[in-house]
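These notes are about the structure you will find just below.
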């Protein structure tokens with residue numbers, strides 16, 4: 520693949536990086552199958568776009584999108600912890616509700632940001648849009664990785680990690696796992712909304728359907744990163760998620776250049792996730808083959 524494709528993959532991978540890290544937080548750290556992501560990604564773009572069009576400073580609009588995403592995650596957490604709804608169903612309910620909420624916020628199915636200032640405007644005037652996306656996406660991803668790493672070392676962060684690993688044990692130590700789940704889900708969806716607001720401003724539009732399939736994209740990126748980068752530590756696992764995001768975007772760009780119709784991208788994503796999930800199984804089977812041959816030779 521050409522350098523142009525890799526630069527584009529790096530650019531998009533970093534812009535979507537916060538969303539990938541949010542998915543990693545719920546699925547791998549908290550062990551919570553949160554499907555709110557599809558809705559909270561669009562929510563971030565919708566809130567930022569509506570406020571920017573209303574004359575709000577783009578940076579303040581982005582911060583408001585973060586708070587909106589956190590609120591969406593909190594709702595999912597409350598459905599699960601207070602109403603005792605299954606985690607998967609809680610996310611589905613929140614995702615469905617957010618579709619109407621996003622339409623209500625935008626007032627239409629699509630909002631254009633072509634003739635207004637965004638957070639990229641001040642940088643792109645000097646470096647161009649692509650360079651500004653690289654710089655801002657890289658800076659945000661770096662801050663999120665560092666922030667998550669240090670947060671997960673704190674007492675609260677360790678409680679979130681323990682809730683995902685062994686909730687019974689952490690409850691026996693006096694930790695309220697409902698609270699840690701609420702914190703984890705709020706933080707995760709706040710990160711997803713950050714990514715949504717960045718992508719919306721970068722693409723100069725917010726669309727009510729732009730978040731469809733984001734959870735699959737997030738899972739694909741996380742799993743690809745885990746396969747390619749060994750992740751014995753939290754920091755390396757966070758970096759691996761970002762690496763997976765870039766590799767995923769590079770694969771998508773590569774197959775599009777080879778002539779694959781854009782309508783088949785969802786099928787390709789499903790295939791990537793399937794292969795990545797099945798990779799450890801195939802690897803274990805191949806490792807057992809020499810042992811089985813050796814045993815059969817000895818028995819003969």
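Numbering (the working numbering), first residue to last: 520 to 819. Glycine included, every Cβ here is placed at the ideal spot set by N, Cα and C.
Practice item. Please list, in chain order, all residues of the same chain as residue 537 whose beta carbon is under 8 Å from its beta carbon, the five residues on each side excluded. Key: The residue labelled residue 537 in the question sits at position 18 within the chain shown. Excluding sequence positions up to five before and after residue 537, its CB lies within less than 8 Å of the CB of 659, 660, 663, 710, 711, 713, 714, 717, all in the same chain and listed in chain order.
Practice item. Would you mind listing the alpha helix (DSSP H) stretches within the region 744-792 that are 4+ residues and don't spill past its ends, in chain order? Key: Within the region 744-792, the runs of alpha helix (DSSP H) that reach at least 4 residues and sit entirely inside it are, in chain order, 753-776.
**Study point:** Span of the beta strand (DSSP E), counted from its first residue to its last, around residue 724
**Key:** On the chain shown, position 205 is the one that residue 724 refers to. Note, residue 724: beta strand (DSSP E), 724-726.
Check your understanding: Under the three-state reduction of DSSP, which class applies to residue 550: helix, strand or coil?
Key -> By 1-based counting over the chain shown, the position of residue 550 is 31. In the structure shown, residue 550 sits in coil (DSSP, three-state: anything other than H, G, I, E or B).
Exercise for review: Please report the residue range of the beta strand (DSSP E) in which residue 630 lies.
Suggested key: Within the chain shown, residue 630 is the residue found at index 111, counting from 1. That run of the beta strand (DSSP E) goes 629-631.
Check your understanding: Taking the continuous alpha helix (DSSP H) assigned at residue 563, which residues delimit it?
Key -> Residue mapping note: residue 563 aligns to position 44 of the chain shown, counting from 1. First-last of the alpha helix (DSSP H) with residue 563: 556-572.
Practice item. Tell me whether residue 591 is buried or exposed, calling it buried when 16 or more other Cβ atoms sit within 10 Å of its Cβ. Key: Taking the chain shown and counting its residues from 1, the one referred to as residue 591 is at position 72. With a threshold of 16 other beta carbon atoms within 10 Å, residue 591 meets it and is buried.
Practice item. State the DSSP-derived secondary structure class of residue 702, mapped to helix, strand or coil. Key: The residue you call residue 702 lines up with position 183 of the chain shown. Three-state result, residue 702: helix.
Check your understanding: Is residue 578 buried or exposed, if buried means 16 or more other CB atoms sit within 10 Å of its CB?
Key -> As a position in the chain shown, residue 578 is number 59, starting the count at 1. Residue environment for residue 578: exposed (fewer than 16 other C-beta atoms within 10 angstroms of its C-beta).
Practice item. For residue 576, name the three-state secondary structure that DSSP assigns. Key: Against the chain shown, residue 576 aligns to sequence position 57. Coil.
Practice item. Report yes or no: do the region 595-602 and the region 695-705 share at least 3 C-beta pairs separated by less than 8 Å? Key: Between the region 595-602 and the region 695-705 there are three or more inter-stretch CB-CB distances shorter than 8 Å, so the stretches are counted as touching.
Practice item. Would you check if the distance between the CB atom of residue 760 and the CB atom of residue 540 is smaller than 8 Å? Key: Against the chain shown, residue 760 aligns to sequence position 241. Against the chain shown, residue 540 aligns to sequence position 21. Yes.
Exercise for review: Can you tell me the Cβ-Cβ gap for residue 532 and residue 765, rounded? I've got them flagged as a contact below 8 Å.
Suggested key: Position 13 of the chain shown holds residue 532. Position 246 of the chain shown holds residue 765. Approximately 3 Å separates the beta-carbon atoms of residue 532 and residue 765; this is inside 8 Å, confirming the contact.
Check your understanding: Of the residues 771, 734, 619, which one's Cα is nearest the Cα of residue 544?
Key -> Taking the chain shown and counting its residues from 1, the one referred to as residue 544 is at position 25. Nearest of 771, 734, 619 to residue 544, Cα basis: 734.
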